[in-house]
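Residues in the sequence shown are numbered from 292 upward in steps of one, following the working numbering. For reference, the structure discussed in these notes is given below.
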Amino acid sequence: MSTGRTLRIEPLGRTVAVAEGQTLLEAAQAGGLRLRSSCRNGTCRECIARVASGSVRYRVEWPGLSLDEKLEGLTLPCVALAESDVVLVQPRLDVLG
Ligand code: FES
């Protein structure tokens, strides 16, 4: 089910829908964009990206980010859930179609 929220990925400028319970990584993939990832559980930091606008919360209690990194707007899309429309800056991705 759609949350009505959207995820825009810059600098590509593509917008995808975010379904209920979907992480930003999963929402991007459902929309045909493969972001870099490895562990998918918030520890390896391969997926790290910046939130340009919007707010996120985390599926896990301790995502592998320092407080400073969180304050800088960095996020781990594999465990981040959109709490609003979100704009993510991640130049490292593959467009699947
Ligand atoms: S894929 Fe490992 S922290 Fe996101």
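Ideal placement from N, C-alpha and C gives every residue a C-beta, glycine not left out.
Considering only heavy atoms of the ligand FES, does any lie closer than 8 Å to the CB of residue i?
i      : result
Leu316 : yes
Leu372 : no
Ile300 : no
Glu360 : no
Ser346 : no
Ser293 : no
Gly355 : yes
Glu337 : yes
Leu384 : no
Ser328 : yes
Thr367 : Here the sequence assigns Leu to residue 367, which means Thr is not the residue at that position. Checking every heavy atom of the ligand FES against the Cβ of Leu367, one is found closer than 8 Å.
Go through its chain and collect everything with a Cβ distance to residue i's Cβ below 6 Å, but skip five positions before and after it.
i      : result
Ala318 : Leu298, Val307, Val309
Residue i CB to nearest chain B CB: under 9 Å?
i      : result
Thr366 : Going by chain labels, chain B is absent from the structure shown, which holds only one protein chain.
Suppose the cutoff is 7 Å on Cβ atoms and the five residues either side in sequence are ignored; what does the same chain contact list for residue i look like?
i      : result
Cys338 : Leu316, Leu326, Arg327, Ser328, Leu367, Pro368, Cys369
Cys335 : Ser329
Arg296 : Val309, Ala373, Ser375, Asp376
Ser346 : Glu374, Ser375
Write down the C-beta distance between residue i and residue j rounded to the nearest angstrom, noting that I regard them as a contact closer than 8 Å.
i      : j      : result
Val342 : Leu379 : 6 Å
Thr314 : Ala371 : 6 Å
Keeping to the same chain, check which residues put their C-beta closer than 8 Å to that of residue i; ignore five residues upstream and five downstream.
i      : result
Leu324 : Ile300, Leu303, Arg305, Val307, Leu384, Asp385, Val386, Leu387
Gly333 : Tyr349, Arg350, Val351, Trp353, Pro354, Gly355, Leu367, Cys369, Val370
Contained beta strand (DSSP E) runs [length at least 3] in the region 328 to 352, N- to C-terminal order: Listed in chain order, the beta strand (DSSP E) elements of length 3 or more contained wholly in the region 328 to 352 are 340 to 344, 347 to 349.
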